[in-house]
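If you want this note's numbering, it's the position in the sequence shown, counting the first as 1, plus 50. No residue lacks a Cβ here, since even glycine has one placed at the ideal position from N, Cα and C. Since the structure is predicted, the reported quantities are computational estimates derived from the model, not experimental observations. Below: the structure, in structure tokens.
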Amino acid sequence: MFLMLQARLIDDFKGSPALLIWGDNADMVALLDQITGLRTDRPVVRIGYGENAVTISVSAQLDRSHIRSLPPVIWECGDDTLRRAADLIGPLLTSTGHQFIDADGLAEEVVVSANEYPTDFGR
């Protein structure tokens, strides 16, 4: 499924490399649905557009949160990461703010943000 969320791998996001995923509250609802689906029956989710597309895929390693690039950028998540991401995205369904999810590889963290960045941020 292709979401309306935006995504971008940023070399220096407040001092470290990060994968930024942003949108509005409706996008957070869709992202939570997709994250939940990854835990049950969907092996892959794609977000963002063109060169900024990000694929989220399930990893067999339970605690995995790893960012790599082919393109597109791939965020591999184990079940622990998917559960943690779902818990962190929940508050963003009806608010403005952001949450941080630890990662390794090309980024040290994934930042999920609601209502903080415009759709053309970083272009």
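- In whole angstroms, what separates the C-alpha of GLY87 from that of VAL108? The residue labelled residue 87 in the question sits at position 37 within the sequence shown. The residue labelled residue 108 in the question sits at position 58 within the sequence shown. About 11 Å.
- C-alpha gap between ASP62 and GLN111, whole angstroms: The residue given as residue 62 occupies position 12 in the sequence shown. The residue given as residue 111 occupies position 61 in the sequence shown. Spanning the two alpha carbons is a distance of roughly 27 Å.
- Task: Give every residue of the same chain whose Cβ lies closer than 7 Å to the Cβ of THR169, excluding the five residues on either side of it in the sequence, and list them in chain order.
- Result: Residue 169 sits at position 119 when you count from the first residue of the sequence shown. Same-chain partners within the cutoff: GLN56.
- Query: Going straight from the alpha carbon of LYS64 to that of LEU70, what length do you get?
  - Reply: In the sequence shown, counting from the first residue as 1, residue 64 sits at position 14. In the sequence shown, counting from the first residue as 1, residue 70 sits at position 20. Taking the straight line joining both Cα atoms gives about 12 Å.
- Item | MET54 versus GLY73 - alpha carbon distance | Within the sequence shown, numbered from 1, the residue matching residue 54 stands at position 4. Within the sequence shown, numbered from 1, the residue matching residue 73 stands at position 23. Going from the Cα of MET54 to the Cα of GLY73 covers about 8 Å.
- Item | Beta carbon of ALA80 nearer than 7 Å to that of VAL161 | The count along the sequence shown starts at 1 and reaches residue 80 at position 30. The count along the sequence shown starts at 1 and reaches residue 161 at position 111. Their beta carbons are not under 7 Å apart, which means ALA80 does not touch VAL161 by this criterion.
- For VAL94 and chain D, any beta-carbon pair shorter than 7 Å? Structure shown: chain D not included; a single protein chain is present.
- Query: Taking the continuous beta strand (DSSP E) assigned at ASN149, which residues delimit it?
  - Reply: Your numbering for residue 149 matches position 99 in the sequence shown. Before going on, a small fix: residue 149 reads as Gln here, not Asn. Going by DSSP, GLN149 is part of the beta strand (DSSP E) stretching over 147–152.
- Query: Are ILE85 and ALA135 close, meaning C-beta to C-beta below 7 Å?
  - Reply: Walking along the sequence shown from the start, residue 85 turns up at place 35. Walking along the sequence shown from the start, residue 135 turns up at place 85. Yes. Within cutoff.
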